[in-house]
Ligand SMILES: [Zn+2]
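In our numbering, the protein residues as written are 519 to 590.
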């Protein structure tokens with residue numbers, strides 16, 4: 519479980535996700551900007567397109583899986 523926690527933190531620090539950008543009309547790298555909300559099912563994040571700097575919301579379901587594992 520500890521290694522999963524570290525992996526999650528490393529993922530946050532890496533902070534780049536390949537997401538669809540409406541402005542670019544294609545999959546582009548998005549940089550992690552800030553956490554909007556931590557919900558029971560997922561963490562809601564603001565992600566900024568590294569090409570045109572459009573900010574979009576993104577639900578990170580991986581962190582929810584981590585939460586479920588912690589409950590066990
Ligand atoms: Zn873009």
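Ideal placement from N, C-alpha and C gives every residue a C-beta, glycine not left out.
Note that the coordinates shown come from a computational prediction; the quantities given were computed from them, not determined experimentally.
Who are the near neighbours of residue i in its chain, counting only those whose CB is closer than 6 Å to its CB and skipping five residues on each side?
i           : result
residue 577 : 560 and 562
residue 545 : 536 and 538
Cβ-heavy atom distance between residue i and ligand 1 below 7 Å?
i           : result
residue 541 : yes
residue 550 : no
residue 561 : no
Return the chain-ordered list of same chain residues with a C-beta closer than 7 Å to the C-beta of residue i, the five sequence neighbours on each side being excluded.
i           : result
residue 551 : 564, 565, 566 and 573
To which residues of the same chain is residue i closer than 8 Å at the C-beta, ignoring the five residues directly before and after it?
i           : result
residue 548 : 534, 535, 536, 537, 539, 565, 566, 567, 568, 574 and 576
residue 554 : 562, 563, 564 and 575
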